[in-house]
Amino acid sequence: DTVPPQVVPGADPSARQLCFAWGPAEVLVCETLFGRAGESRSRAGTAARALTGSVAGAGEGAPSSSRVYVVRRDQDIYIQTLRKLFNESHAIFMGLQRSEEELAGKSRKAQLVQVSKNYRSVIRACMEDMHQAAVSTRDPALQGQYSTQVSILSAMELIWNLCEILFVEAATAGPLLLRLLDWVRLHVCDVDSMVREVLSSESPSKHKLFWNVVDVFVLQGRMDEARHLLSKEASANPTSMNMYKILDDLMKKMPVPSLGNTQTLTELELKWQHWHEECQRYLQDGTFASNPHMESICKILLGDEDAILEKKELMTTWYHFLVTRLLYSHPTVKPMELRFYAQSSMDLFLGGESSPEPLDMILMAAFEFEMHQVIKECSIVLSNWWFVAHLTDLLDHCKLLQSHNLYFGSNMREFLLLEYASGLFSHHSLWQLGVDYFDHCPEYGRVYLELHIERIPLSTERKALKVLRICEQRQMHEQVRSICKIMAMKALRNNRLGSALSWSIRAKDAAFATLISDRFLKDYCERGCFSDLDLIDNLGPSMLLSDRLTFLGKYREFHRLYGEKRFPEAARLLLTLMTAHIAPCSFWMTLLTDALPLLEQKEVIFSAEQTYELMRCLEDLTAGNPDKQKFQDDDVETTKVEMLRLALARNLARVIVKEGTMEGS
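Throughout, the numbering used here is defined as the position within the sequence shown, counted from one, plus 143.
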């Protein structure tokens, strides 16, 4: 399955070079055995690590040694704890392909949103398993790997959830803000431990982090929880009771969008404007001047960007700042306005102190409704094809990617599914999932499946049967023949003639069936009995595949008739095998020898005509044998011939007497 190693083009032939050999799902990178060892080894190691992050090779060795690196196309396929992600998402994917396309409008959208949530629940479950594995392991290296995977899965869920809100559900102004608030509350978890610490203390209002927790609740729009905490502060400090009541009333009256159609956007904007003016009035009157914490909260309610940015450490991310900013300054934001607020929020939050991370750029592309850019960036950044393949498939079902074809013919959905499924085929068991993904790629899926299925190692007969069933279900006749031939050859090498014959019959390979039939006959001549009788006895129409196989089946039938003492039928069949010329010439003496017991029976079995035929066959055998001299010098063969001639002559005499007696009577 690999091509000969190739040298990197343009390399100096006198120096150590980097060579590579492509396999079906990985590439071997190695160094030649001459030139500057240290420098080239460093370059090779760096290249391999950059490609995959995992290198399998020998130690440093002497300058003349060489190291081999295994570079896999999709390393995550081999992570045991991600098996749940691949297996369970496969079931969701298949359900989506089989879903009722007749559903339209709200029903179809609700169905697609539910599918998206199902994908997210699988990501979250896998993330929790990975986190548990990181906590329970004592190996620092493994712990680091698990923690990295938790971070990657967390980012995947964050991106997917945002895409679900903006693209799949396509939330409109009003409900959009509520969805974004839920998104932030779910994914910005850095403050959860602080909240638990304060709430579990004996006197939360006296805790040093009390006001931080109140601020967190306000920043995330969790007004009921913020008011509950503030009531504890009011109880502990009666002097602040009046300020508390006013702030509590403002928080209670804050207008928020509703998911139902209970109010129009215009009504919401009017209510919000009146509420905003009331907050402004209290702030200007100095109502909260004696309490900096409450005054800060009032400024946040007014959407004061500086006041919100002062809580930067509590928000931790620019997109948290974005949602908080929208909540208190523009709660009826429309989807297409998000791009402007998102860009300015990121600029304000980062403030030139740090540059955006890849995750920031992906989220920004989503807020700008550049879904193709989201997919492109995720393909580059994420460590496997799972995310982009399934997200693109979902967006395609939402009819959002219909116009985007790639320059080489396939659309984006199919291209990404093909890449993901190809990666699955490099795994010893996950390849079975890849089959279904190829099935749902109408343009190139069949071709990819044919190419990949031929490369599956047929390590056991059970696995071969599984692969064979997949090929037969899809009428992949060439692959069926190839698999059967491979398994037949393996069985023949292990001297399992029955299995080899069975596989050659399934392959409909007449030449190979003839070869194996000859081996059966050879074994019979040496041992005097057949192996695998059940198979030979039940060949049925399959014996017509080749003359030799037909002979094998019929010869076994002769033995069965003889064993059942059905001598006349056995005699007719034996004679037919010789006169029809389907028996190999080398086997004629064996057939004639088998006729001896029938010729010696008390009852006459062969008629005169049949006896003459047997005599002719015997003469043809002795006269037409190219090794006639050697044949005559063999005492055993000579004795057999003499015994046959005598038996045939005696049988002919008995037949003539019997037939003459019958005519006379």
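No residue lacks a Cβ here, since even glycine has one placed at the ideal position from N, Cα and C.
None of these values were measured; they are calculated from a predicted model.
{"Check": "At the level of alpha carbons, what is the spacing between residue 322 and residue 264?", "Outcome": "17 Å"}
{"Check": "Cα-Cα, which of 629, 257, 758, 667 is closest to residue 718?", "Outcome": "758"}
{"Check": "Are the region 360 to 380 and the region 388 to 398 touching by the rule of at least three beta carbon pairs closer than 8 Å?", "Outcome": "yes"}
{"Check": "Under a Cβ-count criterion, where at least 16 other Cβ atoms within 10 Å of its own Cβ denotes burial, should residue 463 be classed as buried or exposed?", "Outcome": "buried"}
{"Check": "Grouping DSSP H, G and I as helix and E and B as strand, with all else coil, what is residue 197?", "Outcome": "With a pLDDT of 39 at residue 197, under the threshold of 50, the modelled position of this residue cannot be trusted; read the value that follows with caution. Coil, per DSSP."}
{"Check": "Return the residue from the list 693, 732, 720, 742 that minimises the CA-CA distance to residue 710.", "Outcome": "742"}
{"Check": "As an exercise, report each continuous alpha helix (DSSP H) stretch of at least 4 residues that is fully enclosed by the region 276 to 337, in chain order.", "Outcome": "283 to 306, 318 to 330"}
{"Check": "Give the range of the alpha helix (DSSP H) segment to which residue 515 is assigned.", "Outcome": "514 to 524"}
{"Check": "Measure the alpha-carbon distance for residue 275 versus residue 495 and round it to whole angstroms.", "Outcome": "37 Å"}
{"Check": "Once the 5 residues before and after residue 454 are set aside, which same chain residues still bring their CB inside 7 Å of it?", "Outcome": "358, 362"}
{"Check": "When DSSP labels each residue in this structure, what does residue 432 get in the three-state scheme?", "Outcome": "coil"}
{"Check": "Put residue 652 into one of helix, strand or coil per three-state DSSP.", "Outcome": "coil"}
{"Check": "Do the region 659 to 674 and the region 682 to 692 touch if we need at least three Cβ pairs shorter than 8 Å?", "Outcome": "yes"}
{"Check": "From this set, 535, 572, 567, which residue's C-alpha is nearest residue 814's C-alpha?", "Outcome": "Here the chain covers residues 144 to 808 and nothing more, so residue 814 does not appear."}
{"Check": "Between residue 233 and residue 579, how many whole angstroms is the CB-CB distance? I'm expecting something under 8 Å.", "Outcome": "7 Å"}
{"Check": "Can you list, in chain order, the residues of its chain with a C-beta nearer than 7 Å to that of residue 369? Leave out the 5 residues immediately preceding and following it.", "Outcome": "357, 360, 361, 394"}
{"Check": "Leaving aside the five residues before and after residue 508 along the sequence, list all residues of the same chain whose C-beta is less than 7 Å from its C-beta, in chain order.", "Outcome": "516, 517, 520"}
{"Check": "Count the other CB atoms within 10 Å of the CB of residue 435; is the residue buried (16 or more) or exposed (fewer)?", "Outcome": "exposed"}
{"Check": "I want to check one thing, is the minimum distance from the CB of residue 414 to the heavy atoms of the ligand SAM below 6 Å?", "Outcome": "This structure simply doesn't include the ligand SAM, nor any ligand for that matter."}
{"Check": "Tell me the rounded alpha-carbon separation between residue 686 and residue 577.", "Outcome": "37 Å"}
{"Check": "Three or more C-beta pairs under 8 Å: does that hold for the region 404 to 412 against the region 464 to 481?", "Outcome": "yes"}
{"Check": "Could you tell me the alpha carbon to alpha carbon distance between residue 189 and residue 222, rounded to whole angstroms?", "Outcome": "Annotation note: pLDDT 37 at residue 189 (below 50); position unreliable, coordinate value reported separately. Cα to Cα, residue 189 sits roughly 23 Å from residue 222."}
{"Check": "Which value, in whole angstroms, describes the spacing of the CA atoms of residue 415 and residue 287?", "Outcome": "48 Å"}
{"Check": "Just mark residue 427 as buried or exposed, buried being the case when its beta carbon has 16 or more other beta carbons within 10 Å.", "Outcome": "exposed"}
{"Check": "Where residue 277 and residue 296 are concerned, what is the direct C-alpha to C-alpha distance, given to the nearest angstrom?", "Outcome": "14 Å"}
{"Check": "Which residues in the same chain have their Cβ closer than 7 Å to the Cβ of residue 510, if we skip the five residues on either side of it in sequence?", "Outcome": "481, 482, 485"}
{"Check": "Considering residue 588, what are the terminal residues of the alpha helix (DSSP H) in which it resides?", "Outcome": "588 to 596"}
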